[in-house]
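If you're matching them up, the sequences are chains A and B in order. With my numbering as the guide, the letters of the first sequence map in order to residues 1 to 161. With my numbering as the guide, the letters of the second sequence map in order to residues 1 to 146. These notes concern the structure reproduced below.
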Amino acid sequence: MAKRSSPRRAFRILRRPRNNVRGNWLRQAAILTALALVPAIGEAVYLRERVSWKSPATSDEVSVASAKGWGDNVLWLDARPADDFEAEHVPGAMLLNQEEFNELLPKVLNAWSPEKKIVVYCSKKTCGASREIARRLREEAQLRNVYVLDGGWESWVEARK
Amino acid sequence: MGILGGGAKVNLFWRILGVVAGGVFVYAGILKAWEPMRFASDIDNYHMLPWALSVRLAFYLPWLEIFCGLAVIARVCYAGALAILGAMTTTFIVASVVAKSRGLDVSCGCFGHASKNVPFAWHLAIDFALLAIFACLFMRQRPKSL
């Protein structure tokens, strides 16, 4: 008998009468926190291959439009060779390429502040360079909010037209 | 009659307020559950937790919000849901203020990336309003003998 009425009894506990709140809210909170685990674990298992569990994703791409939307809160870093940088670069950008990484990094760190997002770009031809610079900034300089410009310098020029 | 007033109209008012506040959390939870990695980045942005914990919370918290929001709307596990939502909102407020005071650029995480462009003051105002609603609804549940 007791077993047959248990689901109804359980529902009555959940619906709890108005004057029996104090004893139940902790139990109700425990039930809800446990229930939420079920879909959370399911989603985590489903997406397990696509999730970086131990460290943030190695690179985050950002479009020109999104990066421009960040306004002054962006520190642009040019990962192309120095000659290309001298010829033309994103206004306000600083040079930080692989060849002179160690020499140029202190200057970049001086210009950086915690609220600024870093956007690294290079040309399409050497697009791996911006990813490598972004990786080194994350791992060696322990910086966060480091992004790689989607489409590189060419996409900036295209967006300027 | 509840602590904050009686009558059918007053009760209806609080009922609607509860449904709206619960709905806000269901909506916010769905947005974040849809993109857990983005939410993980938002949590990580506060620089308070290690990534491994941030990413696990990013999977769990949205569902907790959804369940609690639905519980408030349906009035099932009502007091427990209000307590959890109140605690979560308080945590959001404290974390946001601490992060802001450290000069970090944070979105409050309430609506994931959808709320990125909302000014910080508005984030706080919304959080405090929600907290006040949950506190009032929770107090209204208490028996008169308290």
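Glycine included, each C-beta is placed from N, C-alpha and C at the ideal position. Source: prediction; values computed, not measured.
Of the listed residues F92(B), V20(B) and A33(B), nearest to G42(A) (C-alpha basis): By 1-based counting over the first sequence, the position of residue 42(A) is 42. For G42(A), the nearest C-alpha among the options comes from A33(B).
Should Q28(A) be flagged as near chain B, meaning a C-beta pair shorter than 9 Å? Here the question's residue 28(A) lines up with position 28 in the first sequence. At least one CB of chain B lies nearer than 9 Å to the CB of Q28(A).
To the nearest angstrom, how far is the alpha carbon of V24(B) from that of Q28(A)? Within the second sequence, residue 24(B) is the residue found at index 24, counting from 1. Within the first sequence, residue 28(A) is the residue found at index 28, counting from 1. The straight-line gap from Cα to Cα measures roughly 20 Å.
Look at the alpha carbon of R144(A) and the alpha carbon of N97(A), and state the distance between them as a whole number of angstroms. Stepping through the first sequence from its first residue, residue 144(A) is reached at position 144. Stepping through the first sequence from its first residue, residue 97(A) is reached at position 97. Cα to Cα, the separation comes out at about 18 Å.
Below 8 Å on the Cβ atoms is my guess for F101(A) versus R136(A); work out the distance and round it to an integer in Å. As a first step, residue 101(A) must be located in the first sequence, where it is residue number 101. As a first step, residue 136(A) must be located in the first sequence, where it is residue number 136. 6 Å between Cβ atoms; contact.
I'd like to know whether the C-beta atoms of F67(B) and L35(A) end up nearer to each other than 9 Å. Start at 1 with the first residue of the second sequence, and residue 67(B) comes out as number 67. Start at 1 with the first residue of the first sequence, and residue 35(A) comes out as number 35. Against a cut-off of 9 Å, the Cβ pair of L35(A) and F67(B) comes out as a contact.
Proximity below 9 Å, CB of G80(B) to CB of L32(A): Here residue 80(B) refers to the residue found at position 80 when the second sequence is read from its first residue. Here residue 32(A) refers to the residue found at position 32 when the first sequence is read from its first residue. A contact, by the Cβ cut-off of 9 Å.
Report the residue ranges of all beta strand (DSSP E) runs contained in full by the stretch 112–158 of chain A; include only those spanning at least 3 residues, in chain order. 117–121 and 146–149
Please go through the same chain and pick out, in chain order, the residues whose beta-carbon is closer than 6 Å to the beta-carbon of E99(A), but skip the five residues on each side of it. Mapped onto the first sequence, residue 99(A) falls at position 99. Cβ within range, chain order: n/a, list empty.
Any chain A beta carbon closer than 9 Å to R102(B): In the second sequence, residue 102(B) corresponds to position 102, counting from 1. R102(B) counts as touching chain A.
Beta carbon proximity, W59(B) to chain A, threshold 9 Å: Walking along the second sequence from the start, residue 59(B) turns up at place 59. The displayed chain sequence assigns Phe, not Trp, to residue 59(B). Answer yes: the Cβ-Cβ gap between F59(B) and chain A drops below 9 Å somewhere.
Are W63(B) and P39(A) close, meaning C-beta to C-beta below 9 Å? Position 63 of the second sequence, counted from the first residue, corresponds to residue 63(B). Position 39 of the first sequence, counted from the first residue, corresponds to residue 39(A). It is a contact, given that the beta carbons lie within the stated cut-off.
If we count Cβ pairs, one from each stretch, closer than 8 Å, do we get three or more for the stretch 12–27 of chain B versus the stretch 119–138 of chain B? yes
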